[in-house]
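Participant: One structure follows; several queries about it will come next.
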Amino acid sequence: MKMNKKYFVLGIFLIFLSIFGINTFASSIDSVDVQFSKEVYSVNDNGSLRITYTLANNSLDTLSLLVTTNCEEELECDYSKSLQMLPNSSTTQSFVVQAIDEGSPELTLIVKDKITHDTKEFTTEINVDDQLDDGDFAISLNKTSFCSNYPGVGYIKIENNYEDGLYNIKLTSTTLPVSLNQNDVYLEEDEEKIVSFNIPLSNLSDTMHELKLSISNDDLLVTKVFNISLKECIEDIIAFTVIPNTTSTYYRIAKGETVSLTYTIKNIGNIEKTFYISEDGNGLSTDVSEREVYLAPGQSKQVSVYVTAPKNINSGLYTLDLNFFDEKDFINYKIKFDVIPIHSLESSISTKQIVLAYGKITPIYMVLENKGDLSETFTITTKPTNDLQITTSSSSITLTPHSRNIITFNVSCGTNTEKIKSPISIIVQGNSSGYYNKHTVDVIVTGDSDSLSLTYLSFPSLIEIDKNSSKEISFEVYNFGEEDIVIDSINLRRIPQQITYRFSDVTIPAGSSGVVTGTIFTGDIEPQEISAEIVLSDKDGYTATRPIKINVLQAIPQPGETEEVPQLSRLAGFFTLGNSILVGIIALCLVLIILYATGAIKQKRTITIKSVKQELKPIKKK
Numbered sequence: 326m327k328m329n330k331k332y333f334v335l336g337i338f339l340i341f342l343s344i345f346g347i348n349t350f351a352s353s354i355d356s357v358d359v360q361f362s363k364e365v366y367s368v369n370d371n372g373s374l375r376i377t378y379t380l381a382n383n384s385l386d387t388l389s390l391l392v393t394t395n396c397e398e399e400l401e402c403d404y405s406k407s408l409q410m411l412p413n414s415s416t417t418q419s420f421v422v423q424a425i426d427e428g429s430p431e432l433t434l435i436v437k438d439k440i441t442h443d444t445k446e447f448t449t450e451i452n453v454d455d456q457l458d459d460g461d462f463a464i465s466l467n468k469t470s471f472c473s474n475y476p477g478v479g480y481i482k483i484e485n486n487y488e489d490g491l492y493n494i495k496l497t498s499t500t501l502p503v504s505l506n507q508n509d510v511y512l513e514e515d516e517e518k519i520v521s522f523n524i525p526l527s528n529l530s531d532t533m534h535e536l537k538l539s540i541s542n543d544d545l546l547v548t549k550v551f552n553i554s555l556k557e558c559i560e561d562i563i564a565f566t567v568i569p570n571t572t573s574t575y576y577r578i579a580k581g582e583t584v585s586l587t588y589t590i591k592n593i594g595n596i597e598k599t600f601y602i603s604e605d606g607n608g609l610s611t612d613v614s615e616r617e618v619y620l621a622p623g624q625s626k627q628v629s630v631y632v633t634a635p636k637n638i639n640s641g642l643y644t645l646d647l648n649f650f651d652e653k654d655f656i657n658y659k660i661k662f663d664v665i666p667i668h669s670l671e672s673s674i675s676t677k678q679i680v681l682a683y684g685k686i687t688p689i690y691m692v693l694e695n696k697g698d699l700s701e702t703f704t705i706t707t708k709p710t711n712d713l714q715i716t717t718s719s720s721s722i723t724l725t726p727h728s729r730n731i732i733t734f735n736v737s738c739g740t741n742t743e744k745i746k747s748p749i750s751i752i753v754q755g756n757s758s759g760y761y762n763k764h765t766v767d768v769i770v771t772g773d774s775d776s777l778s779l780t781y782l783s784f785p786s787l788i789e790i791d792k793n794s795s796k797e798i799s800f801e802v803y804n805f806g807e808e809d810i811v812i813d814s815i816n817l818r819r820i821p822q823q824i825t826y827r828f829s830d831v832t833i834p835a836g837s838s839g840v841v842t843g844t845i846f847t848g849d850i851e852p853q854e855i856s857a858e859i860v861l862s863d864k865d866g867y868t869a870t871r872p873i874k875i876n877v878l879q880a881i882p883q884p885g886e887t888e889e890v891p892q893l894s895r896l897a898g899f900f901t902l903g904n905s906i907l908v909g910i911i912a913l914c915l916v917l918i919i920l921y922a923t924g925a926i927k928q929k930r931t932i933t934i935k936s937v938k939q940e941l942k943p944i945k946k947k
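Start counting at 1 in the sequence shown, then tack on 325, and there's your number in our numbering.
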């Protein structure tokens with residue numbers, strides 16, 4: 326039975342589709358992946374835990390997803406999130422679960438394609454242990470009984486068993502207006518810190534009260550509940566003494582200087598005790614040699630407190646609060662520190678070079694800053710060359726602490742000025758501080774030029790940027806003209822084609838400054854330093870040009886980063902398109918079969934003896 330050639334070709338085509346198209350219509354949910362921030366989570370019973378996960382769309386399609394949770398009975402979770410995922414993109418999300426009972430329950434994250442309704446599940450394990458020491462922190466209260474008839478102070482010791490980070494701390498009560506003296510604290514791993522809280526005056530004696538402490542950041546939420554009692558107190562004898570090494574309670578200290586204070590703690594009671602030290606520098610940097618001191622009856626020990634005035638602190642009077650306490654009593658010392666005022670002066674010039682045309686005036690701007698604590702009067706002098714003429718808005722100026730001023734120098738040509746490059750000097754001297762700075766500006770005298778009335782108050786001399794990345798830049802320009810300037814075109818010149826840019830238009834009012842912002846993008850370019858120009862233009866074609874250097878760096882992979890693995894084509898059946906040799910063989914075979922079927926390749930006829938006899942005609946005898 327002969328096969329129709331059309332059906333033969335159709336069959337070959339269907340075979341082709343079956344080999345290469347099996348996965349073409351695979352579910353989009355198969356390309357979704359979830360990675361949890363931890364392999365196993367741990368939380369104490371009745372505690373809360375933040376779960377962080379990264380959801381990745383590894384397909385070439387935009388996916389509309391719904392993420393929900395399913396928890397076993399030891400956990401309580403109620404999370405739902407709708408996400409629109411672009412092709413080959415990822416996002417990091419988080420949610421909070423509540424531990425209800427001890428065990429090792431599983432938490433399942435369910436990802437649903439809202440179009441196809443296909444789902445995919447991801448599971449992680451959570452250990453709920455009643456024996457955990459407050460989850461990721463060891464938390465203890467110095468005492469659980471307080472006086473109701475006068476205000477008290479309590480202390481909470483927090484030991485970080487988690488990781489370095491800034492944590493937010495809250496203490497609440499439904500029955501008492503308690504308040505922490507510190508709400509944000511930075512804790513290193515295995516570090517201990519003590520925070521204090523205030524117990525107000527109350528008429529609620531002989532009562533129990535519940536305090537709830539929470540410690541949280543972006544990845545973690547830990548809660549701890551304390552029960553305290555209030556009772557009417559009769560003043561007791563303090564069972565310890567603290568003796569300072571000096572009777573002085575006032576120190577003058579320079580910025581950056583450290584003062585060491587020594588105190589002797591003595592246990593004058595009849596039982597062994599642990600004493601604690603806490604401090605509040607109110608802007609001063611402090612450190613304590615020991616924050617917990619264990620003493621037997623009659624025993625004493627010295628502790629050191631180091632107080633440093635940071636270099637960026639304002640001068641003035643500061644108070645250091647030192648607290649020495651046990652489970653019952655505390656002793657407070659207040660030490661005054663007078664931070665000595667200092668001079669901190671700076672001057673900068675707007676440009677190191679100007680182009681000056683005959684008959685025109687070109688300004689130079691100097692920024693004077695007093696970053697110190699004392700007023701200062703500056704004397705300003707200029708030394709021109711080449712018969713250049715300089716006038717200034719002020720030759721003497723007084724700046725109060727933490728202030729600045731801009732001084733204008735107008736430069737013009739004299740009658741004997743030549744068309745050459747000539748330096749001018751601007752000298753700044755502080756009358757009482759001894760401050761001295763000499764600025765030199767090169768003046769290039771030339772003919773008329775169509776330039777904008779702009780000068781640069783700040784400008785990046787060098788921009789460092791990794792290849793295949795982007796970087797935002799900004800700089801400040803000043804309009805010394807009498808009309809507003811609308812910069813509607815900002816361009817980079819002398820750059821390779823692998824570098825592109827985008828700048829925003831800006832309007833600079835007359836006699837005011839404005840900030841130019843933009844972004845530079847690099848492609849696949851070899852690391853190099855490029856000498857470029859940035860050109861600002863208005864609608865009338867007037868320009869202001871400034872040289873700029875761009876240093877393209879080789880991007881350094883961050884720890885944990887791996888090179889991106891190219892996605893395989895979805896046209897994959899028994900093979901992938903990456904197996905190019907195999908695909909070529911298959912394709913060649915298919916082409917030969919099709920050519921054979923269509924008759925493009927002729928078959929050789931097999932001639933048998935029988936067929937020869939049939940085809941030979943008999944020869945008639947004459």
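No residue lacks a Cβ here, since even glycine has one placed at the ideal position from N, Cα and C. All values reported here derive from a predicted model rather than from experimental measurement.
May I ask which residues mark the beginning and end of the beta strand (DSSP E) holding Gly806?
Facilitator: Careful: Gly806 lies outside any beta strand (DSSP E) and carries neither H nor E.
Participant: Are the beta-carbon atoms of Glu604 and Lys468 separated by less than 9 Å?
Facilitator: Taking 9 Å as the Cβ cut-off, Glu604 and Lys468 do not qualify as a contacting pair.
Participant: Pull the bridge partners of Asp358 from the DSSP assignment, please.
Facilitator: Answer is Ala381.
Participant: Where do the ends of the beta strand (DSSP E) carrying Ser728 lie?
Facilitator: Note, Ser728: beta strand (DSSP E), 728 to 737.
Participant: Please state whether DSSP places Ser603 in a helix, a strand or coil.
Facilitator: The answer is strand: DSSP assigns Ser603 an E or B state.
Participant: Ile481 bridges to which residues according to DSSP?
Facilitator: In DSSP, Ile481 forms a bridge with Leu466, Val520.
Participant: Please classify Phe649: is it buried, with 16 or more other beta-carbons within 10 angstroms of its beta-carbon, or exposed?
Facilitator: Under this definition Phe649 is a buried residue.
Participant: Could you say which of Ile483, Glu514, Lys495, Tyr480 lies nearest to Asp489 if we only look at CA atoms?
Facilitator: Comparing Cα-Cα distances from Asp489 to each of Ile483, Glu514, Lys495, Tyr480, the minimum goes to Glu514.
Participant: Since Cys396 is in the beta strand (DSSP E), which residue starts that stretch and which ends it?
Facilitator: Unbroken beta strand (DSSP E) run through Cys396: 388 to 396.
Participant: Quick one: any contact between the segment 701 to 711 and the segment 755 to 766, if contact means 3 or more CB pairs under 8 Å?
Facilitator: Touching, yes, given that three or more Cβ pairs across the two stretches are closer than 8 Å.
Participant: How is Ser353 classed by DSSP in three states: helix, strand or coil?
Facilitator: Three-state result, Ser353: helix.
Participant: If you draw a straight line from the C-alpha of Ser640 to the C-alpha of Tyr690, how long is it?
Facilitator: Straight-line Cα distance between these residues: approximately 30 Å.
Participant: Check the DSSP bridge columns for Glu694 and list the partner residues they point to.
Facilitator: In DSSP, Glu694 forms a bridge with Glu671, Arg729.
Participant: Here's the rule I'm using: 16 or more other beta-carbon atoms within 10 Å means buried, otherwise exposed. How should Ser968 be labelled?
Facilitator: Missing from the structure shown is residue 968; the chain here goes from 326 to 947 and no further.
Participant: Please determine, among Ile788, Pro748, Leu380, the residue with the shortest C-alpha to C-alpha distance to Thr417.
Facilitator: Of the listed residues, the one whose Cα sits closest to Thr417 is Leu380.
Participant: In the structure shown, what three-state DSSP assignment does Leu907 receive?
Facilitator: Low per-residue confidence applies at Leu907: pLDDT is 49, beneath 50, and the placement is therefore not dependable, though the value from the model is reported in the following sentence. Reduced to three states, the DSSP call for Leu907 is helix.
Participant: What would DSSP say about Phe846, mapped onto helix, strand or coil?
Facilitator: Here Phe846 sits in strand by DSSP.
Participant: Please state whether the Cβ-Cβ distance between Ser625 and Ile590 is less than 9 Å.
Facilitator: In contact: Ser625 and Ile590 (Cβ atoms closer than 9 Å).
Participant: With 16 other CB atoms within 10 Å as the buried threshold, where does Tyr575 fall?
Facilitator: Under this definition Tyr575 is an exposed residue.
Participant: If I measure Cβ to Cβ from Asp849 and keep anything under 8 Å in the same chain, skipping five residues before and after, which residues do I get?
Facilitator: Excluding sequence neighbours, Asp849 sits near Lys792, Asn793, Gln823.
Participant: Tell me which residue opens and which closes the beta strand (DSSP E) that Tyr588 is part of.
Facilitator: Per DSSP, Tyr588 belongs to the beta strand (DSSP E) from 583 to 592.
Participant: Do you know whose CA, among Leu466, Ser675, Glu582, Ile354, lies nearest Ile483's CA?
Facilitator: Nearest of Leu466, Ser675, Glu582, Ile354 to Ile483, Cα basis: Leu466.
Participant: Below 6 Å CB to CB, which residues in the same chain sit around Ser669 once its five sequence neighbours on both sides are set aside?
Facilitator: Cβ neighbours of Ser669 beyond the five flanking positions: Lys696, Gly697.
Participant: DSSP on Gln822, reduced to helix/strand/coil?
Facilitator: Looking at Gln822 - three-state DSSP - the assignment turns out to be coil, as it is neither helix nor strand.
Participant: In whole angstroms, what separates the C-alpha of Asp646 from that of Tyr658?
Facilitator: Approximately 6 Å, taken between the alpha carbons.
Participant: Can you check whether the CB of Val584 is closer than 9 Å to the CB of Phe462?
Facilitator: No.
Participant: Grouping DSSP H, G and I as helix and E and B as strand, with all else coil, what is Gly641?
Facilitator: Residue state, collapsed to three classes: strand.
Participant: Rank Ser521, Thr448, Ile440 by C-alpha distance to the C-alpha of Asn358 and give the top, closest one.
Facilitator: It should be noted that the sequence gives Asp, not Asn, for residue 358. Ranking the options by Cα distance to Asp358, first place goes to Thr448.
Participant: What residues match up with Phe551 in a beta bridge as DSSP calls it?
Facilitator: Answer is Leu536.
Participant: Tell me which same chain residues have a C-beta within less than 7 Å of the C-beta of Thr742, skipping the five on either side of it?
Facilitator: Here the set comprises Asn711, Asp712, Leu713, Val770.
Participant: Going by C-alpha to C-alpha distance, which of Gln409, Arg577, Asn730 sits closest to Ala634?
Facilitator: Residue Arg577 is the option with its Cα nearest to Ala634.
Participant: If I follow the unbroken beta strand (DSSP E) through Asp509, where does it start and stop?
Facilitator: 509 to 512 is the extent of the beta strand (DSSP E) around Asp509.
Participant: If we count the other Cβ atoms within 10 Å of its Cβ and call it buried at 16 or more, is Thr349 buried or exposed?
Facilitator: Note that Thr349 scores a pLDDT of 44, beneath 50, so its modelled location is shaky and nothing firm can be said.
Participant: Can you name the start and end residues of the beta strand (DSSP E) that Arg616 belongs to?
Facilitator: Run containing Arg616: none; DSSP gives neither H nor E here.
Participant: With DSSP as the reference, label Asp489 as helix, strand or coil.
Facilitator: DSSP places Asp489 in coil when its eight states are reduced to three.
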